[in-house]
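Asks:
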DNA sequence: GACCTGCTGCGGGCTG
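So this is what it looks like as C-alpha cells:
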C-alpha cells in the first residue's frame, strides 16, 4: 500500500488541494512508520524538506481529536519557530477542525486561558514554558496533558548534548509520569552525526527508529584567501566579497557579532557608492527582535530583490527565510556540524547547485577551513555529541523545580523520581543524596517534619522569572534611537558619550548613556567602530586538528583554492618540511627556536586545556595559542622539556586536585553554569572537569605521541 | 577565537 493511501480522507484531501504531486521520501517513510506503530521516530533531513508535514500528516490521520485533553504537543527551541510553524500547522488543521494554540511567553494569554478551560487539539510550546507550568501549575499539566498521544520535538539536534537538552529530557519524563498511557515522541532534525544520542533522547532507545534522507545536494565550493591587517578586514577582501554577493540572495557567516556588523556596514557603503541594491542587514542576538523579524520578513517575501544578511548562528536554525542562492563563510567554523547547518540553508531551488564561498583571513584559518571542507565532503565526518554524563547542575535545577511543583515531597520519593528520570540515569543515588544534602545545608531546601520544602534561600531562586531556563544571560545596555530600540550592547570602554558604533547594519553616535536604567541614546552617524562583545573561544574537535596536520604534510594540490590560498599553503608546507614526520596519527612537532620552544600538538581544544594544566603543575612556563594548536614554551631546554613531558601521565590521576586548586584561584571559572555554584565543591570540580578538560583523551595522547624535533 | 536560546504573576494605568 502506498504511504498516501494510509492517510485519513480529510488529510488526503488537504494534500491534493495543496497541489503536491508526490510525497517526499522522508514523508512517505514517516507516514508508513507512524501509521503502523506507536514507536518513537527521529526524522532527519535538510531544512525545508517537509519534515513538519512528515510528522503531522500521519499524526493528524491517526488520532481522534474529539477526545478531551491536548492530543499533540509540539516543542521548539525558539519562539520565532513556533510563530512560523503555527501558520503552517494551523493551515493543515483548518480542514480538520482541530484547534492549535501557541503557548510561550509572548503568546496571547486569552488564548492560553481558553485552552486551560477546555484542553484540546495541538499545543506549540517552549521547554521553558513547560518548566514554568510544571513549577507553578502542576494541576494544569495533569488536566491538560494526561491524555497526550504525541510529542513532536523540532530541531532536536539543538538539544543533544546541551544543558537545555538535559532539562527537556527531564521534563519529558516528568510529563510521562502524569500521563495515563505513555505518549510517543517524534524528533525532527537536520542531518546530524550522532543518531544514537538522538534515539536515547526519547528515553526509550530500543523503541526509537531513525529515518534519514541522505540525498546530498550538489555544492560548488570556492576558497578565497585575503590576509587581514590586524583587527579589520582588508579592503581587497571587502571588494571581492561585494562583487561575489551583489547579484544574489546571500547569507554571510563571519563567526562574531562585531564582524557581522563590520561586514554589513562596509558592504552597504560600497553598494551605495556604485548604486547597488540597498538591502544589507545584520542579524544576531544583539540586534533588536523586531528589527530581526523585519529582516526575516524581507528575505522571505521579496522574491525579486537581492539581499545580503550578515549573521551569526541566529540564522542557523530553521526559521523560514525563503530562497538563499549563496552561503559565505568568513574563516573556519568551530565545528563540522555548524558547517552542515550553514551550508544547508542554501540552494532551496532544486534545479541549481548550492554555492558556497569560503573566505579566510589568516593562514591557520585557511588550513582549518580546508580541513573542515575535506572532513565534510570526503570523509563524511561529523563530531559526536559530547554528553554531560552526570549533569549535577541540572539536577539542582530539576530538584528545586520538582519540590516547588509539589509544594512538599518526601525525601525518598524525590530521590526515586530523580533516579528514575532518564536525564539522570548515569547519576548514582549517593550522588543525588549528596546534592540534596548540600541544598538542605545551604537552605535552598528545608526539612519540615517528614517532608522536603523549598528553603529560605531557595525561595528567591524558584520565584524568580529567571528560574525556568537553565542558561545564563547578562544584562546589557539598550540602544535607542528616537524612541525605537535598535538592539543592545554589553558595557565596555566603547560605551561613552560621543563614541561612534555599528549596530543593526547602521552607524550611530552615542548621545547619552544612562547607567541607572542601562540605556544608550544614539543618533545616526557617518563612520564608526564595530562593537565589542565578550566571549571565550569555542572547542575544536581533535579530528579537525589532525586533518590540518595531514594537509600540512601532504602534497595534494586543491583545485578549489585561489592563487593566494594556494601560495599560502605551499609556504606553510615549506615551513614544516624541517620535520621528518613519519606518522600523522602519533608524531607531533617540537620546534626549537633561539630562546624558546614551540610545541605543535595538532589536537583538540580540551586536550590542549588539559596539557596546559599539566604544564602549569610541573612548572613548565607556557602559553597556549589555540588557533594553531601551539604551546610557546620558555625558560627550559628541549632536553629538560622532553624529560618532564615523560612524567606528565602520572599527574593525570590527581586532576581533581589540580582543577580544585585552579578553581580556588579563579572561582569565576564556574560562571558557565547557572546552577553549578549551588553544588558541593567536589561536584563543582567534576562539572568543570567535564566542561573544559578531557583526561581520557589526554592520557591516550600522552601515551601514543612521539615528539619530533627540528 | 564565539555563538545561541526563554520568561510568571500581579498590580496599575489606559482604552473601548
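Numbering (this note's numbering), first residue to last: 245 to 954.
Ideal placement from N, C-alpha and C gives every residue a C-beta, glycine not left out.
Computed from a prediction, not measured in an experiment: that's the story for all the values here.
(1) Just to confirm my understanding: we take residue 550, look at its own chain, exclude 5 residues before and 5 after, and list those with CB closer than 7 Å. What are they?
(2) Note down the Cα distance separating residue 701 from residue 417, rounded to an integer number of angstroms.
(3) CB-CB under 6 Å to residue 767, same chain, minus the five flanking residues each way: which ones, in chain order?
(4) Leaving out the 5 sequence neighbours to the left and right, which residues in its chain are closer than 6 Å to residue 865 when beta-carbon positions are compared?
(5) If you follow the alpha helix (DSSP H) that residue 507 is part of, which residue opens it and which one closes it?
(6) Opposite residue 697 in the DSSP bridges: which residues?
(7) Kindly indicate the opening and closing residues of the beta strand (DSSP E) around residue 454.
(8) Quick one: complete alpha helix (DSSP H) runs, 4+ long, within the region 838 to 887?
(9) Alpha carbon to alpha carbon, what distance is there between residue 384 and residue 502?
(10) Residue 435 and residue 317: beta carbons closer than 7 Å?
(11) Can you tell me the Cα-Cα spacing of residue 806 and residue 528, whole angstroms?
(12) Compare the C-alpha of residue 260 against each of 336, 508, 322 and 781 and name the closest.
(13) At what residues does the beta strand (DSSP E) containing residue 747 begin and finish?
(14) How many Å lie between residue 398 and residue 369 at the Cα?
(15) Look at the Cβ atom of residue 789, then the Cβ atom of residue 854, and state whether they are nearer than 7 Å.
(16) For residue 835 and residue 577, I'd like the C-alpha separation in whole angstroms.
(17) Just list the residues that DSSP pairs residue 616 with in beta bridges.
(18) Excluding the five sequence neighbours on either side, which residues of its own chain have a C-beta within less than 7 Å of the C-beta of residue 297, listed in chain order?
(19) Using a Cβ distance threshold of 8 Å, determine whether the region 305 to 315 contacts the region 472 to 488, with at least three qualifying pairs required.
(20) For residue 580, which residues from the same chain have a beta carbon less than 8 Å from its beta carbon, with the 5 sequence-adjacent residues on both sides left out?
(21) Along the chain, which unbroken stretches of the beta strand (DSSP E) at least 3 residues long are found entirely within the region 296 to 371?
(22) If we count the other Cβ atoms within 10 Å of its Cβ and call it buried at 16 or more, is residue 519 buried or exposed?
(23) Ends of the beta strand (DSSP E) at residue 464?
(24) How far does the beta strand (DSSP E) with residue 391 in it extend, from its first residue to its last?
(25) With DSSP as the reference, label residue 288 as helix, strand or coil.
(26) Please go through the same chain and pick out, in chain order, the residues whose beta-carbon is closer than 7 Å to the beta-carbon of residue 448, but skip the five residues on each side of it.
(27) With a threshold of 16 other CB atoms inside 10 Å of the CB of residue 852, please say whether the residue is buried or exposed.
(28) What do you get for residue 948, buried or exposed, if any count of 16 or more other CB atoms within 10 angstroms of its CB means buried?
(29) If we call anything under 7 Å between Cβ atoms a contact, is residue 315 one with residue 393?
(30) From the DSSP output, in three-state form, read off residue 548 for me.
(31) So residue 955 is in the beta strand (DSSP E); what residue range does that whole segment cover?
(32) Residue 291: which of 568, 445 and 496 sits nearest, CA to CA?
(33) Ordered along the chain, which non-local residues of its own chain (more than five positions away) have a Cβ less than 8 Å from that of residue 534?
(34) Assuming the contact rule is C-beta atoms closer than 8 Å, residue 640 and residue 683 should be a hit. Round their C-beta distance to whole Å, please.
(35) Our contact map puts residue 732 next to residue 721 with C-beta atoms below 8 Å; I'd like the distance itself, whole angstroms only.
(36) Please state the DSSP three-state secondary structure of residue 658.
Replies: Let me spell this out:
(1) 491, 492, 493, 521 and 523
(2) 27 Å
(3) 753 and 755
(4) 878 and 879
(5) 501 to 517
(6) 690
(7) 452 to 456
(8) 849 to 862
(9) 44 Å
(10) no
(11) 30 Å
(12) 336
(13) 744 to 747
(14) 11 Å
(15) no
(16) 28 Å
(17) BP columns for residue 616 are empty, so no partner.
(18) 271
(19) no
(20) 437, 616, 619, 620, 625, 626, 627, 785 and 788
(21) 316 to 319, 344 to 347 and 366 to 369
(22) exposed
(23) 463 to 469
(24) Careful: residue 391 lies outside any beta strand (DSSP E) and carries neither H nor E.
(25) strand
(26) 284
(27) buried
(28) exposed
(29) yes
(30) coil
(31) Past the boundaries of the shown model lies residue 955; the chain is included only from 245 to 954, so the question cannot be answered.
(32) 568
(33) 729
(34) 7 Å
(35) 6 Å
(36) helix
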